[in-house]
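Okay, structure first, notes after.
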Amino acid sequence: MAANPLITFKAGKCTFSGKKVTPVSTPGYLYLYFEDDMPHFCWRPRSQPASHPEIDLFMVPGDGSFEPLPREYGAEELHSPTNGRIYTLKFQSSSQKHFFWMQSKSQHAEGTPSWFSQRDQRLGQIVNSILQGEELDMEAEVADLRNGGGSGGADGDGDDEMDVDEHSPEHGRHPSTGGAGQGATGGDPREEGSASREGGGDGARALSSQPSSQDPSAVVQNFLNSLQGSSQNTPPPPPSGADKPYTTLSDLLTPPQTIPYISSATPAQLDNLCSYLPPELFTLSQESSSTPDHATHTSAADATAAIDALSTDQKREILIRVLRSPQLQQSLGSLTVALRDGGLPIVSEALGLKVKNGGNVRHASVPLGGGEAVEAFVEGVKTTVEEEKKSKP
Amino acid sequence: MSGGWNTIESDAGVFTYLIDSLGVKNVQFEELISLDPDSLQALNPLGVIFLFKYPTGEKPTTDKPLDGEFDFAAVDSQDDEERLWFAAQTIQNACGTQALLSVLLNKAGDPEDGGIDIGPNLGDFKEFTGAFPADLRGEALSNSDLIRETHNSFARSSPFTSDATRYAGEDDDVFHFIAYTSINSTLYELDGLQPAPIRHGDAGACPSEIFADAVVPVLQRRIERYPAGEIRFNLLAMCEDLRVRAKEVGDAEGLEREEAKRREWRWENALRRHNFVGFIGEVMKGVTAQKLEEGSHEAWIEDAKKATQKRVDDRKKKGEVGGDEMDVS
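As you go down the protein sequences, you meet chains A and B in turn. Just so you know, full-length UniProt numbering puts 335 at position 335 of the first sequence, and the rest follows in order with no gaps. Just so you know, full-length UniProt numbering puts 45 at position 45 of the second sequence, and the rest follows in order with no gaps.
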């Protein structure tokens, strides 16, 4: 079924009239699956599950072909006549045509978006072979693509916008990056009007104060906010080779893991933890139904008083409730994302953790990314804890 | 120069305290579990907010709405009293707040006469934008520092997921908010992505008293437009503060229930606003220290890795959204 595709890759659809092909900016996936031994050629927007393709073409083996649209036939290097990589789906049985454009990042050393890399060509050949009814060792093919195929691991969300005109000589044009042509904004409905266009500079979103306050949590929060603006436009730092998932903070700090810690923590440790929570939690605990409800802010003095007024058991209860809360789960998720997306140096500094190489790739000033960053974080916490223990009596 | 708007949850507690922070008096939201006129009527609703996963395929229509009629006249009316407050949506993330305001600003008035006390801030805003066309009102909303900052103060702490990590388990679907209310005894659908308010039924045929009965079939028709199982939606009714009503009728139990609900909401909102980075750091250190002492640190990490891998494998099997693991490009 459509839920078990043979091959999937990032591609967008195009519309065309006469000689002009126009890309549609919606990020999507092109994929093929077999049903009753017949290949289906599908496309879906990335927001849809594989079981709901927008395009699902039932192909007769041998009838369809999938080829790159070249600027000139027989040239040594394969370039598209446009400033993007276009493939054509053609049929023997009819003059119908469909055009698609590769949405993965260009692998060209200088980022020329019209260049079909070895890997791009191989992808196209695989699709073509499937449509032709050839037998393929799909596992081997996919492994090949993932491991080699040109410059390693072309991860990255290259949602290239581009102008496409099938026969006009766009060769001399600068590769357009972001916001070009069609007024496309990457098709992601999450983008907010004009505000998000200013790269990551929109640091003052959730927090009204810029990081002139040295509150480490605020520095991290600003980093997270800046990721929101830029994650649509710049790909995360490429993981080296095949990215191992490692694990996430959500999988590490599950209630079964954290609650025993709370249960055995000393009163001093509990007070310390409570100081990192919003003061309202403690004043709320004291409220009874006779207290009128005000959404007023609790002062630090009120908070300390409220914490002191609570028993150790009450504090444990509150902490456990927080550890189970969906809001904390969301935070664990977003902090994991921050680590994976190059935020390790910032986070480890904010938390005072001893992380190898300050969170950067060895001998470089590029932050670690992906699962490696999370691993370095976990190791950093371990190192820090061990050192703190040594320095205590 | 408008700043950014973050996503907020569509939750009765969030919305209630959001409008409270803006200065609205005595109004709250209640989630509707079922779409039946009686339970809606029991709340004596001022309006209904319908939110649903926005199907990217369905474009806003420009000539005729799929149900009902565009009522451009209502927005253009020269009569201040008659004119409907309607704003074009300019910012996706402001969607929810915009829907709330579209009901509030049209119901503003003397509570004695069944209106809402929207407070001085929104009162000023309404007056300021009174004579604007819809798109300019939308601009004014997105440029309003007060409204934006209040909105953002309720933002969820995980407003995004990176393409490479669906591990957070969060849905980053796009949700769209639409408001339904009775204005000038007429049932209107207020959708910022449409060019005008949409009138359902005849003008004057829907006084506030029968709003609940009138709106339910309209909502049902809307829901039926989408293939079954394709649409995820939520309904929030806007109504008078239920604690006030409980006090008025002397319902002590009901009052206690509502107060307890309010404490829940304030708890959740306090957590929502909170930056957990420091707390997570401390918990991480504490658990790590305990695991090291027990000699179970490695086992802890390995178990977590297994759980992560299992989730990745499960997604692969289901062929789920954002199939990074299957993506060879």
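The beta carbon of each residue, even a glycine, is placed where N, CA and C say it ideally should be.
With respect to A/L123, A/S129 sits apart: the two C-beta atoms are not nearer than 8 Å.
Residue ranges of uninterrupted alpha helix (DSSP H) with 4 or more members, entirely inside the stretch 312-354 of chain A and ordered along the chain, are 312-324, 326-338, 344-351. For the set A/V337, A/V355, A/F282, the Cα lying nearest the Cα of A/S311 is the one of A/F282. Taking a Cβ-Cβ threshold of 7 Å, none of the residues of chain B is close to A/L368; the smallest such distance is about 13 Å.
In this structure, the beta-carbon distance from B/D241 to B/N106 does not fall below 8 Å. For A/G64, the enclosing beta strand (DSSP E) has its first and last residue at 64-68. Bounds of the alpha helix (DSSP H) holding B/S102 are 95-104. A contact between stretches requires three or more CB pairs, one per stretch, nearer than 8 Å, and the stretch 18-25 of chain B fails this requirement with the stretch 274-287 of chain B. Of all residues in the stretch 253-271 of chain A, those with a C-beta nearer than 9 Å to a C-beta of chain B are L253, T254, Q257, T258, P260, Y261, I262, S264, A265, Q269, reading in chain order. For B/H151, no chain A residue has a Cβ inside 8 Å of its Cβ, as the nearest lies near 10 Å away.
Residue-level contact check: B/G254 does not touch chain A, since none of the beta carbons of chain A fall below 8 Å from its beta carbon.
Shown here for A/V381: same chain residues with a beta carbon closer than 8 Å to its own, the five before and five after excluded, namely L353 in chain order.
Beta-bridge partners assigned by DSSP to B/L187: B/S182, B/H200. Taking the C-beta atoms as reference points, A/C42 is found nearer than 8 Å to A/Y31.
Selection B/P207, B/Q194, B/G192 evaluated against B/S185 yields B/P207 as nearest (Cα-Cα). Against chain B, the CB of A/E287 has a partner CB under 8 Å away; the residue lies at that interface.
In this chain, the beta strand (DSSP E) harbouring A/H98 covers 97-102. B/K247 sits in a helix when the DSSP states are folded into three classes. In terms of Cα proximity to A/R46, the closest of A/V21, A/F58, A/T8, A/K389 is A/T8.
Contact holds between the stretch 138-153 of chain B and the stretch 79-99 of chain B, because three or more Cβ pairs, one in each stretch, are under 8 Å apart. Under the three-state reduction of DSSP output, A/Y261 falls in the helix class.
Take the alpha-carbon of B/K318 and the one of A/F34: they are about 16 Å apart. In terms of beta-carbon proximity, A/P278 lines the interface with chain B, with at least one pair separated by less than 8 Å.
In the DSSP assignment, A/I7 falls within the unbroken beta strand (DSSP E) covering 7-17.
Nearest in C-alpha terms to A/P61, of all of A/Y29, A/G12, A/E134, A/P23, is A/E134. Within chain A, the residues placing a beta-carbon under 7 Å from that of B/Q309 are P245, ordered along the chain. Legend: CB atoms of the stretch 273-290 of chain B lying less than 8 Å from CB atoms of chain A belong to residues R273, H274, N275, F276, V277, G278, F279, I280, G281, E282, V283, M284, K285, G286, V287, T288, A289, Q290.
Residue pairing by DSSP puts B/I116 in a beta bridge opposite B/A108. Setting aside the 5 residues that flank it on each side, B/S39 is surrounded in the same chain by L32, I33, each with a C-beta closer than 8 Å to its C-beta; the list follows chain order. Around the beta carbon of A/P279, 16 or more other beta carbons lie within 10 angstroms, which makes this residue buried.
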